[in-house]
DNA sequence: GTCCCGCAATGGTGTTACCTTTCGACCCCA
DNA sequence: TGGGGTCGAAAGGTAACACCATTGCGGGAC
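Protein chains in written order, with our numbering: chain A, 7 to 246; chain B, 7 to 246.
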């Protein structure tokens, strides 16, 4: 996640307008002008233009002569852009964004675990087992903050070990989801034993190269997530 | 996929540098200067700067005073940015990109089909069945070009009907993969009957709201894809 | 009254020139 | 050898300009 954006003048402008668009304060079809941006933020035309170009490259706006800078419909946003994800998570679209991301996790992480079982390096294999054990220790002692950090490390490691750079690119986003989930109070005070088992099962399968099993174990693990997300409106397809 | 980029001067510069970076001709750590870009492409400083900003926002470069524009390591690229995907597909990284995208498809499409079974509108349900039937007709008559178009429409429809905008955003990319796969000669001259059945199974499950079944049917369908991709180095986890 | 044509206002596009700020490299001296 | 200070390269930012694609309005013809 780009922590940047506050050193340069662009940062503030980009942040403000990006938020307003993703938040819906600026509706699709609304138009801005460079002059308006200059006035509003007290920046030069150059800065306004460069900011606009970035917004354009994220699909949030288009720029046309004579007409100005037009806010685009959500359908044309680069919804995988970390900044767009971030803005949506920070604003009122949070629940919808969290739901989308959780579905994405449920889709991707099992495959990633399977691939990791195949491609992980020796160090990664030992590390994943260590993390599984660490999670059990921290979980049983109820050290939630440390547990969260280790959990993030666990999922990040698998995504990175998958050998698929698109999966790996989701690591930051998964971290945000995990933190967000905890902050929203969707996690039990003490991790349930099933979750601890599930992590260890994944770790064991990955480290021993059993990719079918790794995939399945990760699916089990995420089953818990599905349930925990239910209050947010995520459907639980447990019956047909 | 953005057709844009050729009207404005930025387009050409962005395209050229973006390609060179994703292609590896410009290695991580290499530096450019604005002046260099101006000279090379015969553009003004403004255009060079705006282009650089876009590249920066895609994670391909960073810009620091006194140092210049530094090419970033692939790990910090926005690998979900359609342009990055496009450049990688067009260049020598094509196979790796196709492999990543195919894994992503295998991860996402079953979930998307399941979600579509739940969320699709009445029109979408009838349309998916129509498309399934159309695929059979075209497939049996060996009309490959039309088959491809219908296939793309089929997968696009499911991704859009999933109610998850991140899944929907992958529609363009999936379309590119399907086209690329055909161009690479990975498709049989005439679609195999199993594939036709699989599409119809998915369509039936989606239209009747059986999301478990829709998910499973899509997994079956993608099993064929897995096999077809094998020559590209995608592993077939059929045994453990 | 309606339709079409043309003109003028608007606002992005691209260029140039200029000043400011930062920080890496190099040199000098201890 | 190494610490610190100076210099200058290159981005950051501002300003003012010519240019031109739109578009929307107004006027004239029918």
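From the three backbone atoms N, C-alpha and C, an ideal C-beta is built for every residue, glycine too.
Should residue 172(A) and residue 82(B) be called a contact, given that it needs their Cβ atoms to be closer than 8 Å?
-> Indexing the first chain from 1 puts residue 172(A) at position 166. Indexing the second chain from 1 puts residue 82(B) at position 76. For residue 172(A) and residue 82(B), no; Cβs fall outside 8 Å.
Give me the Cα-Cα distance between residue 207(A) and residue 78(A), rounded to the nearest whole angstrom.
-> In the first chain, the residue the question calls residue 207(A) occupies position 201. In the first chain, the residue the question calls residue 78(A) occupies position 72. When rounded, the distance between both Cα atoms is 45 Å.
Closer than 7 Å by C-beta to residue 26(A): which residues in its own chain qualify, once you throw out the five before and the five after it? Chain order, please.
-> In the first chain, the residue the question calls residue 26(A) occupies position 20. The beta carbon of residue 26(A) is closer than 7 Å to those of 32 in its chain, skipping five residues each way along the sequence.
Taking residue 220(A) as the reference, give the member of 165(A), 176(A) and 193(A) with the closest Cα.
-> The residue labelled residue 220(A) in the question sits at position 214 within the first chain. Of the candidates 165(A), 176(A) and 193(A), the one whose C-alpha sits nearest the C-alpha of residue 220(A) is 165(A).
Just the Cα atoms here: how many angstroms apart are residue 222(A) and residue 117(B)?
-> For this step, residue 222(A) is matched to residue 216 along the first chain. For this step, residue 117(B) is matched to residue 111 along the second chain. Cα to Cα, the separation comes out at about 15 Å.
Any C-beta of chain A sitting closer than 8 Å to the C-beta of residue 98(B)?
-> On the second chain, position 92 is the one that residue 98(B) refers to. Residue 98(B) does not count as touching chain A.
Are the C-beta atoms of residue 18(B) and some chain A residue less than 8 Å apart?
-> Locating residue 18(B) in the second chain gives position 12, counting from the first residue. So no, residue 18(B) is outside the interface.
With DSSP as the reference, label residue 97(A) as helix, strand or coil.
-> In the first chain, counting from the first residue as 1, residue 97(A) sits at position 91. Coil at residue 97(A), not helix or strand.
Straight-line CA distance for residue 144(B) to residue 192(B)?
-> The residue you call residue 144(B) lines up with position 138 of the second chain. The residue you call residue 192(B) lines up with position 186 of the second chain. Their backbone Cα atoms lie some 18 Å apart in a straight line.
So, is the C-beta of residue 109(A) closer than 8 Å to a C-beta in chain B?
-> As a first step, residue 109(A) must be located in the first chain, where it is residue number 103. At least one beta carbon of chain B lies nearer than 8 Å to the beta carbon of residue 109(A).
Exposure of residue 167(A), with buried meaning 16 or more beta-carbon neighbours within 10 Å = As a working note, residue 167(A) is residue 161 in the first chain. Its Cβ being crowded by 16 or more others within 10 Å, residue 167(A) is buried.
Look up residue 28(A) in the DSSP assignment and say whether it is helix, strand or coil.
-> Residue 28(A) sits at position 22 when you count from the first residue of the first chain. Residue 28(A) falls in the helix class under three-state DSSP.
Please determine if the segment 90-109 of chain B and the segment 140-158 of chain B are in contact, where contact requires at least 3 C-beta pairs separated by less than 8 Å.
-> By the C-beta criterion, the segment 90-109 of chain B is judged not to be in contact with the segment 140-158 of chain B, since fewer than 3 inter-stretch pairs fall below 8 Å.
Chain B contact residues for residue 112(A), given Cβ-Cβ distances below 7 Å = By one-based count along the first chain, residue 112(A) stands at place 106. Going along chain B in sequence order, the residues near residue 112(A) (Cβ under 7 Å) are 117.
Ignoring anything shorter than 4 residues or poking outside the segment 94-154 of chain B, list the alpha helix (DSSP H) runs there in chain order.
-> Qualifying alpha helix (DSSP H) stretches, in chain order: 100-125 and 128-147.
Coarse secondary structure for residue 188(A), derived from DSSP in three states = Within the first chain, the letter at position 182 stands for residue 188(A). The three-state secondary structure of residue 188(A), taken from DSSP, is helix.
Tell me the DSSP bridge mates of residue 70(B)?
-> Position 64 of the second chain, counting from 1, holds the residue named residue 70(B). Residue 70(B) is bridged by DSSP to 74(B).
Check the Cβ of residue 56(A) against every Cβ in chain B and list those closer than 7 Å, keeping chain order.
-> Position 50 of the first chain, counting from 1, holds the residue named residue 56(A). By Cβ distance, chain B contributes 55, 56 and 59.
Rounded to a whole number of angstroms, what is the C-alpha to C-alpha distance between residue 136(B) and residue 146(B)?
-> For the purposes of this step, residue 136(B) is taken as the residue at position 130 of the second chain. For the purposes of this step, residue 146(B) is taken as the residue at position 140 of the second chain. Note on geometry: alpha-carbon atoms of residue 136(B) and residue 146(B) lie some 15 Å from one another.
Taking residue 187(A) as the reference, give the member of 119(A), 210(A), 158(A) and 29(A) with the closest Cα.
-> In the first chain, residue 187(A) corresponds to position 181, counting from 1. Ranked by Cα distance from residue 187(A), the first of 119(A), 210(A), 158(A) and 29(A) is 158(A).
Flag residue 193(B) as yes if its beta-carbon sits less than 8 Å from any beta-carbon of chain A, otherwise no.
-> Taking the first residue of the second chain as 1, we reach residue 193(B) at position 187. Residue contact with chain A for residue 193(B): absent (no Cβ-Cβ distance below 8 Å to any residue of chain A).
Beta carbon proximity, residue 84(A) to chain B, threshold 8 Å | As a first step, residue 84(A) must be located in the first chain, where it is residue number 78. Between residue 84(A) and chain B, the shortest Cβ-Cβ separation is below 8 Å.
Bridge partner(s) assigned by DSSP for residue 38(A) | Locating residue 38(A) in the first chain gives position 32, counting from the first residue. When DSSP reads this structure, residue 38(A) sits in a beta bridge with 75(A).
Residues near residue 84(B) in its chain [Cβ-Cβ closer than 7 Å; skip 5 each side] | The count along the second chain starts at 1 and reaches residue 84(B) at position 78. Within the same chain, residue 84(B) has close Cβ partners 64, 65 and 90.
Return the residues of the segment 168-184 of chain B that lie within a Cβ-Cβ distance of less than 7 Å from chain A, sorted by chain order.
-> Those would be 170, 171, 172 and 175, in chain order.
Is the beta carbon of residue 58(B) less than 8 Å from the beta carbon of residue 49(B)?
-> On the second chain, residue 58(B) is found 52 positions in, with the first residue counted as 1. On the second chain, residue 49(B) is found 43 positions in, with the first residue counted as 1. Not a contact, by the Cβ cut-off of 8 Å.
Exposed or buried, what is residue 246(B) when buried is set at 16 or more other beta-carbons lying within 10 Å of its beta-carbon?
-> Walking along the second chain from the start, residue 246(B) turns up at place 240. Residue confidence for residue 246(B) is low, a pLDDT of 42 falling below 50, so the modelled location carries little weight; the figure read from the coordinates is stated next. When all chains shown are included, residue 246(B) counts as exposed.
Select from 148(B), 161(B) and 214(B) the residue whose C-alpha is nearest the C-alpha of residue 199(B).
-> Along the second chain, read from residue 1 onward, the residue named residue 199(B) stands at position 193. Out of 148(B), 161(B) and 214(B), 148(B) has the C-alpha closest to the C-alpha of residue 199(B).
CB contact check: residue 63(B) to chain A, cutoff 8 Å | What you label residue 63(B) is simply residue 57 of the second chain in a count that begins at 1. It does: the Cβ of residue 63(B) has a partner Cβ on chain A nearer than 8 Å.
Count the other C-beta atoms from every protein chain shown that fall within 10 angstroms of the C-beta of residue 128(A), then say buried if there are 16 or more, exposed otherwise.
-> Along the first chain, read from residue 1 onward, the residue named residue 128(A) stands at position 122. Answer is exposed; the Cβ neighbour count stays below 16.
State the DSSP-derived secondary structure class of residue 45(A), mapped to helix, strand or coil.
-> Counting from 1 along the first chain, the entry for residue 45(A) is found at position 39. Correct three-state label for residue 45(A): helix.
Thinking C-alpha only, which one of 34(A), 170(A), 227(A) and 43(A) is nearest residue 112(B)?
-> Counting from 1 along the second chain, the entry for residue 112(B) is found at position 106. For the residues 34(A), 170(A), 227(A) and 43(A), the minimum Cα distance to residue 112(B) belongs to 170(A).
Using only alpha-carbon positions, find the residue among 203(A), 217(A), 215(A) and 210(A) that is nearest to residue 229(A).
-> Walking along the first chain from the start, residue 229(A) turns up at place 223. Comparing Cα-Cα distances from residue 229(A) to each of 203(A), 217(A), 215(A) and 210(A), the minimum goes to 203(A).
Might you give, ordered along the chain, the residues of its own chain that have their beta carbon closer than 7 Å to the beta carbon of residue 114(B), omitting 5 neighbours on each side?
-> Here residue 114(B) corresponds to residue number 108 of the second chain, with the count starting at 1. Closer than 7 Å at Cβ, skipping near neighbours: 173 and 176.
Segment limits, alpha helix (DSSP H) that includes residue 61(A) | For the purposes of this step, residue 61(A) is identified with residue 55 of the first chain, where counting begins at 1. Counting along the chain, the alpha helix (DSSP H) containing residue 61(A) begins and ends at 51-63.
Can you tell me the Cα-Cα spacing of residue 23(A) and residue 43(A), whole angstroms?
-> Start at 1 with the first residue of the first chain, and residue 23(A) comes out as number 17. Start at 1 with the first residue of the first chain, and residue 43(A) comes out as number 37. When only Cα atoms are considered, residue 23(A) and residue 43(A) end up about 9 Å apart.
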